[in-house]
Amino acid sequence: MRRTETAILPCARLLSIAATAAAISACGGGSGGGGLPVLPIAPAPAPAELPAPPAVESSAPCFNEADFREGTTVEFEAVKAGASSTALPFRRKSVTEGREPFAGAKPVAFNVGSEALNLPQFEQSTVKKEYKDFVSGSILLYGKATTQKTKVTPPQPATPPSERVFYSSQAYAPPFSFPVDMKPGQVVKQQISFTKTETIDGRIDSTSSAPATGELIYYGREKLETPLGTFNTCKFSLKITVGSAPLAKVTVSELWQASEGPYRGQVLKGIDPKSPMIATKMTYSPK
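The following block contains the structure:
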């Protein structure tokens, strides 16, 4: 009896540790099946979840495809940051028109200024247009043009009125192209040529060309407070260099474009980096 009790005691101790053991072998007993069953292995603790990587703030939401639909209108007023309340605002109205021939292509025309002067013997109309396109996820900048029509009616009825049409264009070839989906810090740089042409009544009066470079930088998102509200925006820098050093003409624009809200895709602040203007009023009517 004493020898049997001594054999059982170690089994009791093993059973007391069973919760942390991987398995326990049968204690005592023989091939007759008197052993203890093997306990299941405790499941390993689940690994801690790693934090998700931060979202890359693409510039894609800061462009609006509706801007390229015929009939879309953007009208706004802007003043220089910190200007007095009596300062005269800058006003601009852009109306998306249909496609027109320009620089050997047929991009979308944007009417950005129309003026008319009607006097008894003198009539003059001026139309300013910008030419852009949206193709396969990229914006293409073609250039701009101004058309001025003048009609002079002499006081003598027998003398027919004279009409003149002056046309001036500034075109990029190929058009400066950049994707709407850019990542913070991304730079798009392109070698292009710049051609300025002036015509009178359809006849070329002068033309000149020069090498040029277009460079667009996307800095990322920024919160921007404006009189229109506070918006999440994309900050860009657009640099156009025409000609070669030391006579090159460099134009730099900083732009903050809304990524959300009723003005998504529109410039809320920018142009001149030294004294940027900020929108105070805006009417955006997308089609």
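Throughout the sequence shown, residue numbering follows the numbering used here, covering 50 to 336 in sequence.
Think of the CB as a built atom: it goes at the ideal place given N, C-alpha and C, for glycine as much as any other residue.
The model shown is predicted, which means the values in this text are computed figures rather than measured ones.
A buried status is given to Val-157, since no fewer than 16 other beta-carbon atoms sit within 10 Å of its beta-carbon. Looking at the DSSP output, Thr-332 shares a beta bridge with Glu-124.
Residue pairing from DSSP places Phe-227 in a beta bridge opposite Ile-188. When DSSP reads this structure, Glu-271 sits in a beta bridge with Thr-282. Check the Cα spacing between Ser-211 and each of Thr-202, Gly-192, Thr-262, Lys-336: the tightest is with Thr-202.
Note that the C-beta distance between Lys-181 and Leu-190 is below 8 angstroms. Our two residues, Thr-248 and Ser-255, have alpha carbons roughly 7 angstroms apart in a direct line. Taking 8 angstroms as the upper bound for CB-CB distance, Ser-334 and Thr-145 are not in contact here, some 10 angstroms apart.
Contact between Tyr-312 and Phe-285 is absent: CB atoms are separated by about 16 angstroms, not below the 8 angstroms threshold. Taking C-beta atoms under 8 angstroms as the contact rule, Lys-272 and Thr-279 qualify, at a distance of about 6 angstroms. Burial of Phe-112 is indicated by the presence of at least 16 other C-beta atoms within 10 angstroms of its C-beta. In the three-state DSSP reduction, Pro-210 falls in the coil class, being neither helix nor strand. Cβ atoms of Val-128 and Ala-115 stay farther apart than 8 angstroms, at about 26 angstroms. By the beta-carbon neighbour count (other beta carbons within 10 angstroms, threshold 16), Pro-224 is buried.
Within its own chain, the residues whose Cβ lies closer than 6 angstroms to the Cβ of Ser-218, once the five positions on either side in sequence are excluded, are Ala-194, Thr-246, listed in chain order.
According to the DSSP assignment, Ala-307 belongs to the beta strand (DSSP E) that extends over 298–307.
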